[in-house]
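Data block below; observations after.
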Amino acid sequence: MMNTQELNLTSELARLLYYTAHIATTIRQHSKQATGRTHRLRNGKDICQLADTLHNFDLLGHAILANNPKTMLRVCDLLLKDYQRYIERYAVALANVETSGNIKAGNYMVDLQEGMEIITEIQTRVRPFTKMASAH
Numbered sequence: 001m002m003n004t005q006e007l008n009l010t011s012e013l014a015r016l017l018y019y020t021a022h023i024a025t026t027i028r029q030h031s032k033q034a035t036g037r038t039h040r041l042r043n044g045k046d047i048c049q050l051a052d053t054l055h056n057f058d059l060l061g062h063a064i065l066a067n068n069p070k071t072m073l074r075v076c077d078l079l080l081k082d083y084q085r086y087i088e089r090y091a092v093a094l095a096n097v098e099t100s101g102n103i104k105a106g107n108y109m110v111d112l113q114e115g116m117e118i119i120t121e122i123q124t125r126v127r128p129f130t131k132m133a134s135a136h
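First residue of the sequence shown: 1, per full-length UniProt numbering; consecutive thereafter.
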């Protein structure tokens, strides 16, 4: 495949870790079990929708561990399609929270565009390595 010394995704993966932690915190803070919170997601489905934004990151992790740039790109394509679908289907639902407390209706709790930006940055970083792998 490729030399792991050549491809450095440290910055992108650090941002991805920060982003996933933000999603997990949002899920926890807006779940039924959260105590002392004045606002909640409308129902358990909203929690599942947020969790769905994370569930395919394992595929990216496997591709990176396998040092397979072509698979990394395919997974990034899949993730971007998933995120676009989440934005189209769920953005309004995720923004529709009860307005007691400091969250206002219409504000997104998690910026799904940020997730897309991180995935696109990974694609941009990986793409030259797919061309090098094809040349060999």
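Here a beta-carbon is modelled for each residue, glycine too, at the ideal position from N, C-alpha and C.
Cβ contact check for the region 73-91 and the region 53-61: 3 or more pairs under 8 Å: Three or more beta-carbon pairs drawn from the region 73-91 and the region 53-61 are found closer than 8 Å, and the two stretches are therefore classed as touching.
Secondary structure of T124, DSSP reduced to three states: Here T124 carries a helix assignment [DSSP, helix/strand/coil].
Three-state secondary structure (DSSP) of D111: coil
Distance between I47 and R31 (C-alpha atoms, nearest Å): According to the sequence provided, residue 31 is Ser. The question's Arg does not apply to it. Distance between S31 and I47, taken at the CA atoms: about 7 Å.
Y18 classed as buried or exposed, judged by whether at least 16 other C-beta atoms fall within 10 angstroms: By the neighbour-count rule (16 or more Cβ atoms within 10 Å), Y18 is not buried but exposed.
Whole alpha helix (DSSP H) elements within the region 12-89, 4-residue minimum: 44-52 and 57-65, all fully within the region 12-89.
Proximal residues to I87 (C-beta, below 6 Å), its chain only, five neighbours per side dropped: L112
Distance between beta carbons of L9 and R125, contact taken as under 8 Å: 6 Å
Backbone CA spacing between E121 and E12 [nearest angstrom]: When rounded, the distance between both Cα atoms is 7 Å.
Supposed close pair L73, Q123 - CB separation, criterion 8 Å: Going by Cβ atoms, the distance from L73 to Q123 rounds to 6 Å, so yes, they are a contact pair.
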